[in-house]
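>
Residue numbers (this note's numbering): 16 to 818.
(1) Quick one: complete alpha helix (DSSP H) runs, 4+ long, within the stretch 328 to 394?
(2) Based on the DSSP output, what are the partners of residue 804 in its beta bridges?
(3) When you compare only the Cα positions, how much space is there between residue 763 and residue 754?
(4) Hey, how far is the Cα of residue 779 from the Cα of residue 803?
(5) Mind reading off the beta-carbon distance from residue 286 to residue 329? Whole number of angstroms is fine, and I expect it under 8 Å.
(6) Looking only at C-alpha atoms, which of 714, 715, 695 and 718 sits nearest to residue 707?
(7) Tell me which residues share the same chain as residue 548 and place their Cβ nearer than 8 Å to its Cβ, disregarding the 5 neighbours each side in the sequence.
(8) Is the beta carbon of residue 656 less than 7 Å from the beta carbon of residue 681?
(9) With three or more C-beta pairs closer than 8 Å as the rule, is the stretch 377 to 391 touching the stretch 336 to 351?
(10) Strictly by DSSP, which residues pair up with residue 767?
(11) Sort 470, 146, 443 and 776 by Cα distance to residue 790 and report the nearest one.
(12) Mind checking residue 652: buried by the 16 CB within 10 Å criterion, or exposed?
(13) By the three-class DSSP mapping on this structure, what secondary structure does residue 137 have?
(14) How is residue 693 classed by DSSP in three states: helix, strand or coil?
(15) Are the stretch 210 to 224 and the stretch 166 to 175 in contact at 8 Å, needing three or more beta carbon pairs?
(16) Could you give the distance in angstroms between the alpha-carbon of residue 828 and the alpha-carbon of residue 726?
(17) From residue 537 to residue 493, what distance separates their C-alpha atoms?
(18) Pick from 785, 761, 801 and 794: whose alpha carbon is nearest that of residue 813?
(19) Distance, Cα to Cα, residue 440 vs residue 234?
(20) Can you list, in chain order, the residues of its chain with a C-beta nearer than 6 Å to that of residue 139? Leave out the 5 residues immediately preceding and following it.
(21) Classify residue 408 as helix, strand or coil using the three-state DSSP reduction.
(22) Let me know the secondary structure DSSP gives residue 179 once reduced to three states.
(23) Starting from residue 636, trace the alpha helix (DSSP H) in both directions and tell me its first and last residue.
(24) Looking at C-alpha atoms only, which residue of 506, 495, 514 and 462 is the closest neighbour of residue 474?
(25) Does the contact criterion of 3 or more C-beta pairs under 8 Å hold for the stretch 223 to 233 versus the stretch 131 to 147?
(26) How far does the alpha helix (DSSP H) with residue 285 in it reach, from first residue to last?
(27) I need the boundaries of the beta strand (DSSP E) containing residue 441, first residue and last residue.
(28) Run through the DSSP bridge pairs and tell me what residue 710 is partnered with.
(29) Once you ignore the five residues that flank residue 110 on each side, which residues in its own chain have a CB closer than 6 Å to its CB?
(30) Less than 7 Å between the C-beta atoms of residue 692 and residue 713, yes or no?
(31) Counting Cβ pairs closer than 8 Å, one from the stretch 404 to 416 and one from the stretch 356 to 371, do we hit at least three?
(32) Drop a sphere of 10 angstroms on the beta-carbon of residue 28, count the other beta-carbons inside from all chains shown, and report buried for 16 or more, exposed for fewer.
(33) Give the single residue among 698, 62 and 442 whose Cα lies nearest to the Cα of residue 113.
(34) Return helix, strand or coil for residue 399, following the three-state DSSP convention.
(35) Please work out which residues of its chain come closer than 6 Å, Cβ to Cβ, to residue 580, disregarding the five sequence neighbours upstream and downstream, and give them in chain order.
(36) Taking the C-alpha atoms as reference points, what is the distance between residue 739 and residue 502?
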């Protein structure tokens, strides 16, 4: 291996090299054009100088036997562990000296800029600062590329060894700008930016580029001064002095300068600005919403994304949270005046802040409750006996606020809950329900809803088309959901449903089934078991009638002499009907006897009890100037058929012949007299005829209709008695349900405290009815007496199950 002689090595001095480098730096920082050749020439000067000095230092200090290894080590860079404790070499001095000269150049340049801007303020300062920053940033990137070799070797080595106050070239430039210029101008720059933003808030047009330029500068000045990554490559020199992309800056670690010197002051100024806005302005929900949107747009246009969430929170705090009381005071007036759009804006604003909607929800609940009571107060007298008026009034109130909750309040769960609570409140206790006896106050809504269902589902010219029934059923379920005592509704509904089935006046079988399905879906299968069994009985009865008629035709050649249909009801599934005494005419009694024989032959061991009070029929009258068809009860039919034999009977003889009780006979005969089919020589007193009154056939009867329903006057239900009977049955049923629920809970828990038992019983029964505490306590006492459960010794408030 040939060893070069150090005496032949000609090394250019730093002074010679620096003169050329200074000229290149002046070109870069004066924003003059620089060719690629010139750029590479400057880079090569740095490279040649550094490598020459390194080579010289190694040749003078090496031992010949290790020349090759040292040269390789010098070319590749010596590890920090090899350099610990060694004496400084030439390469160390030249790197440091070149670094210091470069630092001095940039410092002088920045100080000169700072001096030029010392007397500038406001927009003039921002114009100066942003232009100088843009030029400085681009020029510093060019400088970073020229001194890339110094970055990769000497600076890298110094950083690896933990040297302080040594930075990569571009970072050095930023540090100098921050320390020598920005530190002295930052108060003026920040004030100027904040003033510009304030002017924009006041409606002035501003140069947004000034603000974005300052913000970009502050973000970049937050660069990590310990970042040792290389920022340029000598193999790809720029052909022009155009700025490259800014170095990537993580969103939180390197925003310290931006946050401390601008963001905090900006947020404080924002808070102060809006705190000074008048209460009148803040009362305009639309303006508040507009202001917040403006601030967020401002952030998107020229602030750092980190500010977005904090700015939003600040605006919400000063524009919404601080004004919640004002919004809440205005909320009631907006509800009263149906200002749905304003309510929507208020909702959107208050939903931005924690707990901002709580008082609004409470206010809505209170308002709906008040509106519901007011609406029912107006119709209380008429609605007490008018189910349609009562339910439609409730639905009108609910529709109004359901639409409001779905629209202005975006179906917010809390507002839905407010609507539900308010509806439950005014539906179960109002001016209509309080007109009932105290023991039945909670039942009136359930009763009227059941009667409303009956009106909708029975045949009537006033009812809607079948295609509209589904929509009406959905609305029925809206009210049903809020009824506390759903068992009371079921009692009334079952009774009315049975009448529709028996008299065959249902408007639609599909609608009947649809409502039962809706009830089952809401309350469970058990709730509708009896209703489903009643429907099944009617279907089975149709098949039974068909079989009976076929048999009669086969055996007796239509010996019945009439169209005879039977409905066989399962005891226990249908409401209880009291059998009445009645002696049927021969034609009817023959039909009854034939069917009884047929049924017993088909179902041996079953007993049939005939409920004449629920039976109906048609009588064809051919004794007048024109033919009439009378729809009548069985008792009316029996009475009318007697006049085929003679024209007059005493009232006493009518009762004797028909075997009707006095009350029933009076109701039947008086109904026929009122229909003018019969006439009496004596007027009834208190709905009763004297026993010796002569009741005669009226041959001059006339009616425009051919088909006349006589049964309506014959059966006039005593609504008050019917309601009282339902209440009595409900109380009896509830006792059994509560007993069963307590036993079920005790069997599962084995041991439970009194308060927990009460809570679980109420919770489990809430889907059917709201049990009274007194009734639950009585049931607990009853079960203790029956030894289903017992109090734990020494713990009177704890119960245990007795197996």
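We put the CB at the ideal spot given by N, CA and C, even for glycine.
Taking the geometry as given:
(1) Unbroken alpha helix (DSSP H) stretches of 4 residues or longer found wholly inside the stretch 328 to 394: 339 to 351 and 355 to 365, given in chain order.
(2) According to DSSP, which records beta bridges pairwise, residue 804 is partnered with 816.
(3) Between residue 763 and residue 754, the C-alpha separation is close to 14 Å.
(4) Whole-angstrom Cα-Cα distance: 19 Å.
(5) Residue 286 to residue 329, Cβ: 6 Å. Contact.
(6) For residue 707, the closest alpha carbon among the candidates 714, 715, 695 and 718 is that of 695.
(7) Counting only Cβ-Cβ distances below 8 Å, and skipping sequence neighbours, we find 585 and 588.
(8) No, these two residues do not count as a Cβ contact at 7 Å.
(9) Contact between the stretch 336 to 351 and the stretch 377 to 391 is present, because at least three Cβ pairs lie under 8 Å.
(10) According to DSSP, which records beta bridges pairwise, residue 767 is partnered with 814.
(11) Taking only the C-alpha atoms, the option nearest residue 790 is 776.
(12) Buried is the call here.
(13) In the structure shown, residue 137 sits in a helix (DSSP, three-state: H, G or I).
(14) In this structure, residue 693 counts as strand in the three-state DSSP scheme.
(15) The stretch 210 to 224, when compared against the stretch 166 to 175, does not touch it at the 8 Å Cβ threshold.
(16) The structure shown has nothing for residue 828, since the chain only spans 16 to 818.
(17) Just so you know, the alpha carbons of residue 537 and residue 493 end up roughly 11 Å apart.
(18) Nearest in C-alpha terms to residue 813, of all of 785, 761, 801 and 794, is 761.
(19) In a straight line, the C-alpha of residue 440 is about 58 Å away from that of residue 234.
(20) The beta carbon of residue 139 is closer than 6 Å to none in its chain, skipping five residues each way along the sequence.
(21) In this structure, residue 408 counts as helix in the three-state DSSP scheme.
(22) In the displayed model, residue 179 falls within coil according to three-state DSSP, outside both helix and strand.
(23) Taken as a continuous stretch (DSSP letters only), residue 636 belongs to no alpha helix (DSSP H), being part of the beta strand (DSSP E) at 631 to 636.
(24) Nearest to residue 474 by alpha-carbon distance, out of 506, 495, 514 and 462, is 514.
(25) They touch, by the three-pair rule.
(26) Residue 285: member of the alpha helix (DSSP H) spanning 279 to 290, first to last residue.
(27) First-last for residue 441: 428 to 443, but that is the alpha helix (DSSP H), not the beta strand (DSSP E).
(28) DSSP output for residue 710 lists 664 and 695 as bridge partner(s).
(29) Excluding residues within five positions, the ones whose Cβ falls inside 6 Å are 169.
(30) Against a cut-off of 7 Å, the Cβ pair of residue 713 and residue 692 comes out as a contact.
(31) The answer is no - the stretch 356 to 371 does not touch the stretch 404 to 416, with fewer than three Cβ pairs under 8 Å.
(32) Under this definition residue 28 is an exposed residue.
(33) Here the closest residue by C-alpha is 62.
(34) Residue 399: coil per DSSP, three-state reduction.
(35) If you ignore the 5 residues before and after residue 580, its C-beta comes within less than 6 Å of the C-beta of 560, all in its own chain and listed in chain order.
(36) Using only the alpha carbons, I get a separation of about 15 Å.
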